[in-house]
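The numbers in the sequence shown follow the numbering used here, run straight up by one, and end at 1409.
C-beta: ideal position from N, C-alpha, C; glycine also.
Working notes, structure below.
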Amino acid sequence: MSNAISSQSSSYLEFWTEYQLCTLTTLRPNGRPHVVPVGVTIDAPSGTARIITRKSSTKVANILASSDLARVAVCQVDGGRWATLEGVAEVITDAATVEDAVARYGERYGRTPAPDPERVVIQISIDRAMGQTLLTRPQTAQAAA
């Protein structure tokens, strides 16, 4: 499978490094969407996105309750710029992965969260990336001198 994120433009990848609040959409067991604000970090070379959260969260429960692949989407918007990543999520609990995800979060968002023994990582294998991160501005006529 190709890496859907690494083939995106430099402006698209740069957008995912800005301080932006994102949303994560998971599916409840009854099929209804559950959308919550989150911080997301992207690892373009590996084609993954990571979210740190508590293991008791609804988003984690939704992923774990999936009887098949846990399909999710993360999205961020800034005015007319937007980017959405879709993929398959898994919940990772090992300490090294959690520590790495916390460090990545600190790099993107400028602060490292306090230690939390309940922290886990939602790791998304990205298989679709879409969006518009370059805005074209109408050209204005220059006044004649």
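Cβ of residue i within 8 Å of any chain D Cβ
i	result
Pro1309	Included in the structure is just one protein chain, with no chain D present.
Presumed contact (8 Å Cβ cut-off) between residue i and residue j, rounded CB distance
i	j	result
Arg1372	Thr1287	Contact doesn't hold; Cβ gap of about 16 Å is too wide.
Ile1306	Ala1353	Actually they do not touch by this definition, with Cβ atoms about 14 Å apart.
Leu1472	Arg1335	A question about residue 1472 goes unanswered here, because the residues of the chain that appear run from 1265 up to 1409.
His1298	Asn1267	At roughly 27 Å, the Cβ-Cβ gap does not stay under 8 Å, so His1298 and Asn1267 are not in contact.
Ala1347	Gly1395	3 Å
Ile1269	Leu1333	About 18 Å separates the two Cβ atoms, so there is no contact after all.
Arg1383	Val1355	Between Val1355 and Arg1383 the Cβ distance is about 11 Å, and since that is not below 8 Å, they are no contact.
Val1300	Lys1323	6 Å
Endpoints, the alpha helix (DSSP H) within which residue i is located
i	result
Arg1372	1359-1373
Buried versus exposed call for residue i [16 or more other C-beta atoms within 10 Å across all chains shown]
i	result
Ala1378	exposed
Ser1321	buried
Leu1328	exposed
Val1294	Residue 1294 is actually Asn in this sequence, not Val. Exposed, because fewer than 16 other Cβ atoms sit within 10 Å of the Cβ of Asn1294.
Thr1397	buried
Tyr1224	Nothing in the structure corresponds to residue 1224, since the chain is present only between 1265 and 1409.
Gly1303	buried
Ala1393	buried
Ala1337	buried
Ala1308	buried
Gly1351	buried
Local conformation of residue i per DSSP, three classes
i	result
Val1324	helix
Leu1277	helix
Ala1337	strand
Pro1377	coil
Pro1293	coil
Glu1282	coil
Start and end residues, beta strand (DSSP E) containing residue i
i	result
Gln1272	First-last for Gln1272: undefined, no H or E at that position.
Ser1412	One cannot answer for residue 1412 here, as it falls past the ends of the chain, which runs 1265 to 1409.
Gly1351	1345-1356
Asp1307	1305-1307
(request) Flag this pair as touching only if the region 1299-1319 and the region 1365-1385 have three or more C-beta atom pairs under 8 Å; answer yes or no. (result) yes
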